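Here is the structure we will look at, set down as C-alpha cells.
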Amino acid sequence: MNTPTLLPDRTRLVCRVLKWLALLILVLMVAAYFLLDVSSTILDSAWEGLQPHVREDVSYSEGKKLLLHVLAAIGYFSLTLIVIGAARVFSVFQKGVVFAPAAVRAVRFLGLTIFLFAAVQLILPTLMVLGLTYDNGPGNRALTLGINSNTVILLMIGAVILVIGQILTQATDIAHENEQFI
C-alpha cells in the first residue's frame, strides 16, 4: 500500500531548500574549522578565564595540546551534529510523509543532538580548564563551573523535541493502524 503524501507541495519545496541550505552550512562550518583555526580560538577563551598566577604555571606538553584540541573539536563538531539532524528532518519532510518511521528517527535524532550539544557546552569549559591546569603545582590548579541560560534553554529545547519525537512515534503507530482498516 502506498503511503499518501501528507505535506503540501509548497512545504515540501521549503524543506528541500532548507535541507540544501543546512548541508551548505555544514560544509562551511567544517571548512571554517580548518581554515580559520577555530580550535585555537576556543582554547584562547579557556585561557582567558584563568587567573594570571595560574597561567604562569601552565606548561604545554604534546599530550596536553592534543587533549585540548580534541576537546575543542568535540565542542565545535557537536554543533555540526545539530545541522546534520536538521538536514535529516528536512530531507524526510521534503518527501511529504510525516507519519513514517524515518520521520520519527529524524526528529528524535535532532532532539538528541540538540540535547547532547547543550550537555557538551555545559561541561566543556570545565574540562578545558582542567586540561590546562591538571599538572600545575599546588595552589595553581583551577576548576571552573558555569551554567548559562542559553545552555539550559538548549537542554529544554532538546528535551521538548525528544518528547515530540515520542509523540510522533505514537501518531505514526496510530496512522499505520488506521491504514490497516482502509
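In our numbering, each residue's number is its place in the sequence shown (first place is 1) plus 3. Each residue gets a CB set at the ideal place from its N, CA and C atoms; glycine is no exception. Please read these numbers as outputs of a predicted model, since none were measured by experiment.
Other residues of its chain near residue i: CB distance less than 6 Å, five sequence neighbours each side excluded
i: residue 106; result: 95
i: residue 15; result: 97, 99
i: residue 154; result: 121, 124, 125
Extent of the continuous alpha helix (DSSP H) to which residue i belongs
i: residue 84; result: 65 to 97
i: residue 152; result: 152 to 184
i: residue 59; result: Residue 59 -> no alpha helix (DSSP H), and no H or E assigned at all.
i: residue 144; result: Taken as a continuous stretch (DSSP letters only), residue 144 belongs to no alpha helix (DSSP H), as it is neither H nor E.
i: residue 128; result: 104 to 136
i: residue 12; result: 12 to 38
i: residue 41; result: 41 to 51
Cβ distance (whole Å) where residue i is taken to contact residue j below 8 Å
i: residue 29; j: residue 86; result: 5 Å
i: residue 32; j: residue 74; result: Residue 32 to residue 74, Cβ: 18 Å. No contact.
i: residue 53; j: residue 135; result: 7 Å
i: residue 78; j: residue 123; result: 6 Å
i: residue 157; j: residue 121; result: 4 Å
Of the residues the options, the one placed nearest residue i, counting alpha carbons only
i: residue 59; options: 65, 9, 51; result: 51
i: residue 49; options: 65, 103, 38, 133; result: 133
i: residue 42; options: 166, 141, 68; result: 68
Closer than 7 Å: residue i CB and nearest the ligand NAP heavy atom
i: residue 71; result: With respect to the ligand NAP, the structure offers nothing, as it holds no ligand at all.
Spatial neighbours of residue i in its chain, beta-carbon cut-off 7 Å, leaving aside the 5 residues before and after
i: residue 164; result: 110, 113, 114, 117
i: residue 22; result: 90, 93, 94, 97
i: residue 57; result: 136, 139, 143, 145
i: residue 61; result: 135, 136, 139
i: residue 149; result: 128
Close-in-space but distant-in-sequence residues of the same chain around residue i (CB under 8 Å, 5 per side omitted)
i: residue 119; result: 81, 84, 161
i: residue 175; result: 102, 103, 104, 106, 107
Exposure of residue i, with buried meaning 16 or more beta-carbon neighbours within 10 Å
i: residue 5; result: Because residue 5 sits at a pLDDT of 48, beneath the cut-off of 50, its placement in the model cannot be relied upon, and the point is left open.
i: residue 102; result: buried
i: residue 35; result: exposed
i: residue 45; result: buried
i: residue 128; result: buried
i: residue 171; result: buried
i: residue 66; result: exposed
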